[in-house]
Amino acid sequence: MSVDKEVIKKIARLANLYYKEDELDTSARELNQILTYVEKLSKLDTGGINPTFQVSPIENIYRDDIVGKSLDLEHVMSNAPEKEGKFFTVPKIID
Amino acid sequence: MVYETVIGLEVHAQLLTNTKIFCSCSAKFGQTENSQVCPICLGMPGVLPVLNKKVVEFSIKTGLALNCKIQPVMHFDRKNYFYPDLPKGYQISQFDFPLAKAGVIELRSGKKIGITRVHMEEDAGKLVHPEALENAEFSLVDLNRAGVPLMEIVSEPDMRSPAEAKEYLELLRNTLRYIEVCDGNMEEGSFRCDANVSIREYGSTVLGTKVELKNMNSFRNVELALEYEIERQKKVLSEGGRINQETRLWNVDKCITISMRSKEESHDYRYFPEPDLVPFTPAMDWIKEISMTLPELPLIREKRFVSQYNIPLNDAQTFINEKELADYFEECVKLCNQPRVVSNWILNELLAKLKEKNISIKECPIKPVNFKEMIELMDKGVISGKIAKTVFGEMFQSSSSSASAIVERMGLTQIVNTDEIGAIVDSVIAQQAEVVTSYKNGKEKALGFLVGEVMKISKGKANPKIVNELLLKKLKGI
Chain S
4 MSVDKEVIKK
14 IARLANLYYK
24 EDELDTSARE
34 LNQILTYVEK
44 LSKLDTGGIN
54 PTFQVSPIEN
64 IYRDDIVGKS
74 LDLEHVMSNA
84 PEKEGKFFTV
94 PKIID
Chain D
2 MVYETVIGLE
12 VHAQLLTNTK
22 IFCSCSAKFG
32 QTENSQVCPI
42 CLGMPGVLPV
52 LNKKVVEFSI
62 KTGLALNCKI
72 QPVMHFDRKN
82 YFYPDLPKGY
92 QISQFDFPLA
102 KAGVIELRSG
112 KKIGITRVHM
122 EEDAGKLVHP
132 EALENAEFSL
142 VDLNRAGVPL
152 MEIVSEPDMR
162 SPAEAKEYLE
172 LLRNTLRYIE
182 VCDGNMEEGS
192 FRCDANVSIR
202 EYGSTVLGTK
212 VELKNMNSFR
222 NVELALEYEI
232 ERQKKVLSEG
242 GRINQETRLW
252 NVDKCITISM
262 RSKEESHDYR
272 YFPEPDLVPF
282 TPAMDWIKEI
292 SMTLPELPLI
302 REKRFVSQYN
312 IPLNDAQTFI
322 NEKELADYFE
332 ECVKLCNQPR
342 VVSNWILNEL
352 LAKLKEKNIS
362 IKECPIKPVN
372 FKEMIELMDK
382 GVISGKIAKT
392 VFGEMFQSSS
402 SSASAIVERM
412 GLTQIVNTDE
422 IGAIVDSVIA
432 QQAEVVTSYK
442 NGKEKALGFL
452 VGEVMKISKG
462 KANPKIVNEL
472 LLKKLKGI
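Protein chains in written order, with the working numbering: chain S, 4 to 98; chain D, 2 to 479.
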């Protein structure tokens with residue numbers, strides 16, 4: 004599998020990243036190198052091996068359904084670049 | 002060409018937990034904007050989500066109620082997309098390893114609708130576009146709902162008509178309400194439904210191109226939207242066109258579906274395993290424990306109502322559609338053992354009164370024990386059916402009063418004294434000479450009028466049977 008500039012553009016758009024034209028070339032080249040390496044790994048026989056989603060052996064970590072303290076509005080809004088009363092504001096969204 | 006409709010439904014049900022799915026913020030609805038948020042549900046960097054055990058319990062309960070296989074291992078995944086109501090830039094959901102698979106809901110016809118999967122996920126926040134700010138260049142974001150637990154329940158494309166889809170939805174909602182995991186309120190959005198619909202030539206085994214329908218906030222709208230969309234697709238195909246795979250929104254005012262502008266890659270969610278949450282392997286003992294808490298499910302209860310109480314299916318359906326109403330009915334029946342009488346009083350009198358006052362059965366002022374006493378008073382002949390309605394209305398007004406107290410206070414005891422009734426009958430015969438004559442001339446209907454007059458004078462208290470007997474006897478003697 005190899006990726007070209009169009010694929011990079013699409014992935015970038017999905018990830019909200021902005022690339023300059025020459026960066027697209029660099030990225031495509033570098034990603035292809037990574038994919039070539041992954042292809043090598045794909046040749047290994049992994050039948051009978053469970054997928055590794057987690058590297059730690061722990062499982063079943065739950066919390067009880069008990070209400071804790073939420074943040075004060077002042078703290079909630081302290082990092083917001085734009086706000087209006089008790090709301091965050093974002094550029095107008097049309098459904 | 003004869004077409005066949007194929008429908009599959011996706012339901013998002015909000016779980017009735019106290020807290021959100023991955024943090025301890027309250028999940029309560031309708032609170033002050035952005036008052037129930039913390040670094041986890043705000044999507045701050047470096048925080049760790051921890052799964053709410055109740056969410057898993059409720060979801061397992063749902064899986065069991067829908068005859069699903071609870072999966073031995075489950076994982077969470079990140080569903081990546083950008084939208085201002087999603088602070089993290091991804092939604093934590095389940096993709097490859099959901100909680101439950103392969104269930105079934107049986108319709109009243111006996112037809113089985115497959116459940117593909119049940120999985121857990123977090124809700125997004127709420128975007129507000131205030132009308133007062135119509136010309137504003139911004140939208141407002143309230144993140145109280147971000148992280149509220151949802152269950153997604155996906156059906157197989159097994160439904161063949163809008164009516165089947167509606168029945169499936171009603172049964173599903175009733176089930177969730179019976180097992181007390183979701184309040185099932187479609188208008189408030191705690192039970193939301195999207196539909197996938199396509200048509201194909203009858204007899205074909207290949208699925209047609211499907212259209213996803215959104216924005217239907219009542220059972221009726223789901224049915225209407227599906228009906229409209231099926232007709233639209235038939236028209237397109239019969240004119241030689243083809244169906245676009247797209248998302249369409251139901252417009253409730255115009256009663257049409259409208260294509261939603263969507264980017265071609267909008268469905269490219271690039272799922273990958275959520276590294277911040279460990280795998281979950283619900284213990285068999287726990288699942289068994291949860292299964293012990295399952296109540297009698299709605300359709301089973303409905304069938305039992307019909308067979309055990311001998312009431313019409315329609316009446317049973319009305320009762321089971323609201324669990325508390327079914328409970329109320331059963332409680333009254335347990336006390337007085339007259340299911341048909343109780344059923345008729347609830348359906349003909351009580352529901353209208355509740356509606357008039359705009360209150361739910363949970364707030365019903367008439368306690369089952371008072372209901373039962375009223376029926377007893379009727380049985381004993383202390384009050385007539387007509388007077389019972391007055392008593393019923395009084396009990397509804399003042400919840401503390403018992404039926405007998407009302408009868409006594411208002412002097413409603415039935416008159417069974419033949420002398421007393423006889424005197425009224427005599428006076429009516431004397432007053433209504435013309436009617437009496439037409440009765441004598443063979444107009445039998447006139448009797449009803451005379452009975453009515455006697456009842457009127459006695460203020461409804463005269464025993465109708467005695468009134469009838471005395472009138473017939475005395476008219477004969479004239």
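Ideal Cβ placement from N, Cα and C applies to all residues, glycine included.
Query	Result
Measuring only the C-alpha atoms, how far is D/GLU123 from D/ASP86?	12 angstroms
For a cutoff of 8 angstroms on Cβ pairs, would you count D/GLU266 as touching chain S?	At D/GLU266 the pLDDT is 48, less than 50, meaning the model places this residue with poor confidence and gives no usable figure here.
Determine, using beta carbons only, whether D/GLN37 comes closer than 8 angstroms to chain S.	yes
Taking a contact to mean a Cβ-Cβ separation below 8 angstroms, would you say D/LEU278 touches D/PHE96 in this structure?	no
Please confirm whether D/GLN234 and D/ILE259 have their CB atoms less than 8 angstroms apart.	no
Quick test of the definition: if touching needs 3 or more C-beta pairs under 8 angstroms, does the stretch 53-63 of chain D touch the stretch 236-247 of chain D?	no
Does the distance from the CB of D/GLY148 to the CB of D/LYS21 come in under 8 angstroms?	yes
Might you give, ordered along the chain, the residues of its own chain that have their beta carbon closer than 7 angstroms to the beta carbon of D/LYS264, omitting 5 neighbours on each side?	Any answer about D/LYS264 is weak, because its pLDDT of 47 lies below 50 and its placement is not dependable; what the coordinates show is given next. Within the same chain, D/LYS264 has no close Cβ partners at all.
Could you list which residues in chain D have their beta carbon closer than 9 angstroms to that of S/ASN19, in chain order?	PHE83, GLY90
Opposite S/THR29 in the DSSP bridges: which residues?	According to DSSP, S/THR29 bridges with nothing at all.
Here's a check: name, in chain order, each residue in its chain whose Cβ is nearer than 6 angstroms to the Cβ of D/PRO150, leaving out the five neighbours to either side.	LEU16, THR18, ILE22, VAL56
How many angstroms separate the CA atom of D/ASN364 from the CA atom of D/TYR91?	Note on identity: in this sequence residue 364 of chain D is Glu, with Asn being the wrong assignment. So the alpha carbons of these two residues sit roughly 42 angstroms apart.
May I ask you to report which of helix, strand or coil DSSP gives S/TYR21?	coil
Name the residues in the stretch 300-327 of chain D whose C-beta lies less than 9 angstroms from a C-beta of chain S; which are they?	none
Output the boundary residues of the alpha helix (DSSP H) element that contains S/LYS1.	Because chain S here runs from 4 to 98, residue 1 of chain S falls outside it and cannot be looked at.
What is the rounded straight-line gap between the Cα of D/ASP254 and the Cα of D/GLU230?	15 angstroms
With DSSP as the reference, label D/PHE77 as helix, strand or coil.	coil
Apart from the five residues on each side of it in sequence, which residues of its chain come closer than 7 angstroms, Cβ to Cβ, to D/ILE312?	PHE306, PRO340, ARG341, SER344
Is D/THR248 a contact residue of the ligand COA, with contact defined as CB to any heavy atom under 7 angstroms?	Summarising the ligand content, the structure contains no ligands, and the ligand COA is consequently not present.
Using beta-carbon positions only, say whether D/SER219 and D/GLU171 come within less than 8 angstroms of one another.	no
Would D/PHE96 count as contacting chain S if we go by Cβ distances under 8 angstroms?	no
Name the chain D residues that come within less than 9 angstroms of S/GLU9, Cβ to Cβ?	Neighbours of S/GLU9 on chain D: none; closest Cβ ~12 angstroms, over 9 angstroms.
Note down, in chain order, each residue of its chain lying with its Cβ closer than 7 angstroms to the Cβ of D/LYS373, except the 5 sequence neighbours on either side.	CYS333, LEU336, CYS337
Helix, strand or coil for D/ALA424, going by three-state DSSP, please let me know.	helix
Output yes if chain D places a C-beta closer than 8 angstroms to the C-beta of S/ARG32; else output no.	no
From what residue to what residue does the alpha helix (DSSP H) around D/ALA66 run?	54-66
Where does the unbroken beta strand (DSSP E) through D/GLU213 begin, and where does it stop?	212-217
Give me the residue from D/ALA463, D/ASP380, D/ARG271, D/LYS112 with the minimum Cα distance to D/SER94.	D/ARG271
Which residue comes first and which comes last in the beta strand (DSSP E) that contains D/PRO150?	150-156
Which value, in whole angstroms, describes the spacing of the CA atoms of D/PHE273 and S/LEU20?	19 angstroms
Specify, as a first and last residue, the run of the alpha helix (DSSP H) that D/LEU272 falls within.	A quick correction: the sequence has Tyr, not Leu, at residue 272 of chain D. Per DSSP, D/TYR272 belongs to no alpha helix (DSSP H) and is neither H nor E.
Could I get the ranges of all uninterrupted alpha helix (DSSP H) runs contained in the stretch 316-349 of chain D, with 4 residues as the minimum, in chain order?	324-337, 340-346
Ignore the nearest five residues each way along the sequence and tell me which others in D/PRO369's own chain have a CB closer than 7 angstroms to its CB.	TYR329, GLU332, CYS333, LEU336
Helix, strand or coil for D/ARG174 per DSSP?	helix
Measure the Cβ-Cβ separation of S/LYS12 and S/LEU27 and say whether it is below 8 angstroms.	yes
Quick check: the Cα distance between D/LEU472 and D/MET396, rounded to an integer number of angstroms?	33 angstroms
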